[in-house]
Amino acid sequence: MPAEAQTSTARRHASRPPVARPIAFSRPLDIVVDPLAAGPRLTLPQGARLPQSTPLPTSLPPWVATPSIPSITDAGLAARGSPRAACLTALRSAERRHNLPPGLLVAIALNESGLHAHALSIRGRAYFPDTRAEADRLLLASGGGSVMAGCLQINAGVHARGQTWPLDPRAAADWAANFLTTNHQRTGDWAEVLRRWHGASARNAGTYLCRVRGKLEVVQPDSPIFAEQRCAPANMARLRQNGAAHLEIAEAR
Numbered sequence: 001m002p003a004e005a006q007t008s009t010a011r012r013h014a015s016r017p018p019v020a021r022p023i024a025f026s027r028p029l030d031i032v033v034d035p036l037a038a039g040p041r042l043t044l045p046q047g048a049r050l051p052q053s054t055p056l057p058t059s060l061p062p063w064v065a066t067p068s069i070p071s072i073t074d075a076g077l078a079a080r081g082s083p084r085a086a087c088l089t090a091l092r093s094a095e096r097r098h099n100l101p102p103g104l105l106v107a108i109a110l111n112e113s114g115l116h117a118h119a120l121s122i123r124g125r126a127y128f129p130d131t132r133a134e135a136d137r138l139l140l141a142s143g144g145g146s147v148m149a150g151c152l153q154i155n156a157g158v159h160a161r162g163q164t165w166p167l168d169p170r171a172a173a174d175w176a177a178n179f180l181t182t183n184h185q186r187t188g189d190w191a192e193v194l195r196r197w198h199g200a201s202a203r204n205a206g207t208y209l210c211r212v213r214g215k216l217e218v219v220q221p222d223s224p225i226f227a228e229q230r231c232a233p234a235n236m237a238r239l240r241q242n243g244a245a246h247l248e249i250a251e252a253r
């Protein structure tokens with residue numbers, strides 16, 4: 001092409017407004033649901049950045065922080081009775097201090113671990129160590145990943161990040177209470193709060209709600225918070241029986 005034609009073409013292109021083009025990623029964006037977040041978070045491909053205009057949170061919910069409650073030693077735990085008794089005591093205390101519906105934390109823990117302060121689920125296998133020291137050893141030797149720990153089965157790999165505080169019933173109860181109250185302030189619906197706690201899919205959320213409701217009917221029979229949740233009567237009878245058995249063990253110390 002002659003130089004004059006090239007110059008003319010360049011001028012025409014220069015005078016055109018820029019055309020907005022969609023950003024192309026090498027793979028689709030993933031929506032990852034955090035089991036203990038207030039909603040889904042966006043995971044970007046490596047190297048991609050959010051626009052600078054995206055507002056960033058000015059503060060984090062209190063349950064995001066590592067609990068500062070001193071750890072319970074084996075000697076301190078012995079003074080409180082069994083691991084189940086220590087768990088029950090911590091949960092009831094947290095319910096009162098955080099103004100939670102009576103029995104809610106206890107019902108969740110009955111469903112998650114049977115109220116065992118040292119309960120661990122490592123690669124799908126359940127452990128119930130008698131001592132905190134043994135529970136710490138198992139947790140630290142697990143190699144990270146998704147390990148559920150303590151009477152509330154908190155995801156230690158995600159939220160503890162190398163620490164063992166989910167095995168401390170007081171710290172775990174306080175952390176969980178902060179999560180529940182923060183999300184109830186946002187939603188005003190205890191059923192929705194429980195869905196966010198569990199991180200269940202829409203299909204499985206009803207099953208989890210019924211499990212906790214069954215335990216709550218043992219701990220606090222007159223609680224109205226999940227009364228509208230439809231659950232199979234036969235399953236509820238079994239859940240109540242299981243919950244009553246574990247609660248009796250914990251109360252016996």
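Numbering (UniProt numbering), first residue to last: 1 to 253. Cβ atoms here follow ideal geometry from the backbone N, Cα and C, with glycine treated the same way.
Rounded straight-line distance, which links the Cα of residue j to that of residue i
i              : j                 : result
arginine 203   : lysine 215        : 21 Å
histidine 118  : aspartate 189     : 30 Å
glutamine 229  : tyrosine 208      : 11 Å
threonine 164  : arginine 92       : 21 Å
glutamate 112  : isoleucine 122    : 14 Å
arginine 137   : glycine 162       : 12 Å
cysteine 210   : asparagine 155    : 22 Å
isoleucine 225 : phenylalanine 179 : 17 Å
alanine 252    : alanine 232       : 30 Å
leucine 100    : glycine 206       : 21 Å
valine 147     : alanine 90        : 22 Å
alanine 191    : glutamate 248     : 26 Å
aspartate 222  : tyrosine 127      : 33 Å
alanine 244    : glutamine 185     : 31 Å
glutamate 96   : asparagine 242    : Per the sequence shown, residue 96 should be read as arginine rather than glutamate. So the two alpha carbons sit approximately 25 Å from each other.
CB contact flag (residue i, residue j, <7 Å)
i             : j             : result
alanine 176   : leucine 139   : no
proline 169   : alanine 160   : no
residue 257   : aspartate 174 : A query on residue 257 cannot be resolved here, the shown segment of the chain reaching from 1 to 253 and no further.
histidine 198 : leucine 110   : no
cysteine 87   : leucine 115   : yes
glycine 145   : glycine 157   : yes
glycine 103   : glutamine 220 : yes
alanine 107   : valine 193    : no
threonine 181 : histidine 98  : yes
residue 295   : alanine 141   : Nothing in the structure corresponds to residue 295, since the chain is present only between 1 and 253.
Buried versus exposed, by CB contacts within 10 Å (16 or more), residue i
i              : result
serine 201     : exposed
asparagine 183 : buried
arginine 125   : exposed
alanine 85     : buried
arginine 196   : buried
proline 83     : buried
glutamate 217  : buried
alanine 227    : exposed
alanine 171    : buried
alanine 234    : exposed
Contact with chain D by residue i, beta-carbon distance below 7 Å
i           : result
glycine 243 : Absence of chain D from the displayed structure is noted, only one protein chain being present.
Okay, do the stretch 236 to 248 and the stretch 121 to 134 touch, 3+ Cβ pairs below 8 Å being the bar? no
Whole alpha helix (DSSP H) elements within the stretch 70 to 149, 4-residue minimum: 74 to 79, 83 to 97, 104 to 113 and 132 to 140
Contiguous alpha helix (DSSP H) assignments of at least 4 residues, all confined to the stretch 165 to 227: 169 to 187, 190 to 198 and 202 to 219
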